[in-house]
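Input: a single structure, listed below in structure tokens.
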Amino acid sequence: KTVSELKSEVDCSEGLRKKHEARLTPALANPNRRTDLESLKADEAKRAQALVRTLEDAMQKLGTTFIESRERFLQRLTRGFESTIVILDSIPRATHIQSTNEVAVSRVSIKRRMRKSAQAVLAAAGTSSELPARAWDGVPLQEFLVDKKEWGVFVPEESKEEEVSPKGKAKAKPAARKGGKTPEPAELKPTVVTHSKPVQSFRSDAHKLFFAARNDSYDLFRVFFEDKVQSTKEACLKIRSSEKIKSMSWDSMVNQLLQGAE
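For the sequence shown, position 50 (counting from the first letter as 1) is numbered 65 according to my numbering, and the numbering increases by one without interruption.
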């Protein structure tokens, strides 16, 4: 919706600019029409400023949408894979189920058959985790990031003011040791999480298939997302560059008009 609105605003602004150029006739070079010329220049400046603000607002909304879409995709991909593994691990395997297809042999006694059946149940219980354990790696969280400053998304700056207690008084600084300087608090660097948490499970062909499918989905979305962000950015920069050229052309036309009157 933001892209379509931006295109509509650009078209309207372009139509208004052409009307202003049509009004910029040699007659306005007459000193008696100077008021009309200044009014026309103000109208054109107002139009240009409005388009710049519209472009900035649109880029901010688009940047926010891209950021939210990226985060939402990573959350759904991670949680979806975790849920799939939980369901997969809960499915009973062959060793969990006692076979009921044993062929009755008349020569085997009932006691012997019961003993074998009990041994099979105990063996199944003792090998409930016959699949080898495996920690499946998480997805990268620091790839195809959106530059907030580039899109004009507000980035809150860290507060540099002194912390204030609930009573409104500034917290006291650490007391200086005798013969020494006041100890400075150590700077805590934010921890950057590069990957989502690994999923603890088992290794099997089914696990490998779901793991590969998750990674394929991640790669496909990354390519699509990066292409969409880049194409949208180029379109916005093209509008900005075109408007800058048109503003320079307008100034040149006004200067030529005034120089011709001298």
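All C-beta atoms in this analysis are idealised placements derived from N, C-alpha and C, irrespective of residue type, glycine included.
- In this structure, DSSP gives proline 213 a state outside helix and strand, which the three-state scheme calls coil.
- The secondary-structure analysis by DSSP pairs proline 155 across a beta bridge with His210.
- Leucine 252 and lysine 261 have their C-alpha atoms roughly 14 Å apart.
- Within 10 angstroms of the beta-carbon of serine 98 lie fewer than 16 other beta-carbons, which makes it exposed.
- Buried is the label assigned to alanine 73, since at least 16 other Cβ atoms lie within 10 Å of its Cβ.
- Relative to the Cα of lysine 163, the nearest Cα in the group Lys34, Lys248, Ala44 and Ala42 belongs to Lys248.
- Per DSSP, serine 84 is one residue of the alpha helix (DSSP H) stretching across 49-105.
- Exclusion of the five residues before and after arginine 48 leaves Ala42 as the residues of its chain whose Cβ lies within less than 7 Å of its Cβ.
- Taking a 10 Å sphere around the C-beta of leucine 224, we find fewer than 16 other C-beta atoms and assign the residue as exposed.
- Taking all protein chains shown into account, arginine 68 has fewer than 16 neighbouring C-beta atoms within 10 Å of its C-beta and is therefore exposed.
- Counting C-beta atoms within 10 angstroms of its own C-beta, arginine 229 has 16 or more neighbours from the protein chains shown and is therefore classed as buried.
- Residue pairing for arginine 149: DSSP places it in a beta bridge opposite Ser216.
- A Cβ-Cβ distance of about 4 Å is found for the pair histidine 210 and glycine 153, placing them in contact under the 8 Å criterion.
- According to the DSSP assignment, valine 161 belongs to no alpha helix (DSSP H), since it is labelled neither H nor E.
- Within the same chain, Cβ atoms closer than 6 Å to the Cβ of glutamine 157 are found at Thr209, the five residues on either side in sequence being excluded.
- One Cα belongs to arginine 94, the other to valine 214, and the distance between them is close to 10 Å.
- Serine 54 sits exposed, since fewer than 16 C-beta atoms from the chains shown fall within 10 Å of its C-beta.
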